[in-house]
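Numbering (UniProt numbering), first residue to last: 1 to 329.
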């Protein structure tokens with residue numbers, strides 16, 4: 001049966017300009033391995049018992065959840081966005097002439113289902129398996145890095161205190177309250193293959209072993225990973241460690257002789273490590289995830305897997321042939 005178009009659909013399809021939001025959603029639509037993601041989640045999704053209202057389709061809920069993460073929206077925010085935006089409505093697959101959009105409570109239950117069964121990790125793994133099948137993960141070298149994600153410092157809540165699982169961390173001369181996202185990224189493409197979330201006061205170098213997939217011949221890290229090869233958990237690994245020189249020592253290098261060669265080496269290592277910043281840019285700037293949305297590490301870690309999984313898809317567009325776009329505000 002052919003779906004009848006509403007007046008808003010006809011007006012939307014006839015407009016001349018295609019917005020950045022439409023282009024972005026079209027690319028996510030094209031490069032996401034929908035069949036694999038749905039198959040991975042299906043065994044855990046409610047089937048319905050024939051009594052009462054049947055559950056909303058799994059793919060529709062997955063699409064709603066993905067749009068929420070890609071645009072940094074709350075549960076209520078994405079519900080409103082479906083009613084406000086034809087582009088988002090079309091991506092989720094909601095036809096307002098025949099049905100209502102899934103409400104915020106339904107999305108909350110879906111997200112809790114993902115968290116309970118650690119399904120965001122499955123989403124991350126399925127995306128990486130898809131990218132690996134396209135030849136985009138070389139697995140011979142890893143770049144390790146970490147970024148701070150702020151948490152609300154306010155104590156104006158029911159418990160009258162800040163999130164006990166978040167902690168202070170000093171970067172330069174500034175103190176930051178929140179958590180850290182530690183990642184291991186492929187040296188050739190910059191795509192993230194491992195994610196670990198910790199409190200903000202956890203040292204970067206202590207998480208290095210957890211960021212390796214085991215097949216590396218080479219690992220690069222910034223100055224925060226000094227001494228990584230001497231740690232007990234990394235002893236005996238056949239890995240060449242390339243760690244940046246401390247800034248205080250680098251500033252003392254002279255512009256001649258051996259010191260000049262060392263400076264050139266540091267620049268070469270820095271140019272390779274720079275690839276890891278691309279995924280942080282997507283998560284923090286495009287997906288607007290600069291601050292934790294939930295209390296506790298478990299929920300925020302679950303969200304990180306989804307964010308970095310889809311950051312990989314966004315970054316992979318250059319290799320899969322899609323043109324670069326930006327997420328519209």
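Beta carbons: idealized from backbone N, C-alpha and C, even for Gly.
Beta-carbon proximity check, residue i vs residue j, cutoff 8 Å
i	j	result
residue 302	residue 62	no
residue 292	residue 66	no
residue 308	residue 195	yes
residue 198	residue 170	no
residue 178	residue 200	yes
residue 320	residue 32	no
residue 193	residue 218	no
residue 159	residue 151	no
residue 244	residue 269	yes
Identity of the residue in the options nearest residue i by Cα
i	options	result
residue 189	271, 157, 69	271
residue 21	37, 60, 86, 58	86
residue 182	214, 154, 164, 142	142
residue 310	232, 29, 294, 23	29
residue 135	191, 252, 236	191
residue 38	31, 55, 59, 175	59
residue 277	260, 187, 207, 263	187
residue 289	17, 71, 317	71
residue 93	64, 220, 133	64
Where residue i sits in the DSSP three-state scheme
i	result
residue 230	helix
residue 77	helix
residue 92	helix
residue 271	helix
residue 306	helix
residue 148	strand
residue 191	coil
residue 222	coil
residue 168	strand
residue 239	coil
residue 2	With a pLDDT of 41 at residue 2, under the threshold of 50, the modelled position of that residue is not reliable, and the figure given next carries that caveat. Looking at residue 2 - three-state DSSP - the assignment turns out to be coil, as it is neither helix nor strand.
Sequence-distant residues of its chain with Cβ nearer than 8 Å to residue i (five each side left out)
i	result
residue 305	120, 121, 123, 124, 195
residue 295	163, 165
Any chain C beta carbon closer than 8 Å to residue i
i	result
residue 291	Of the protein chains in this structure there is only one, and it is not chain C.
Same chain only: Cβ atoms within 7 Å of residue i, ignoring 5 sequence neighbours per side
i	result
residue 233	209
residue 253	259, 262, 263
Residue i classed as buried or exposed, judged by whether at least 16 other C-beta atoms fall within 10 angstroms
i	result
residue 204	buried
residue 185	buried
residue 176	buried
residue 225	buried
residue 216	buried
residue 18	exposed
residue 101	buried
residue 69	buried
residue 247	exposed
Beta-carbon proximity list for residue i, same chain, < 6 Å, skipping 5 on both sides
i	result
residue 45	58
residue 249	none
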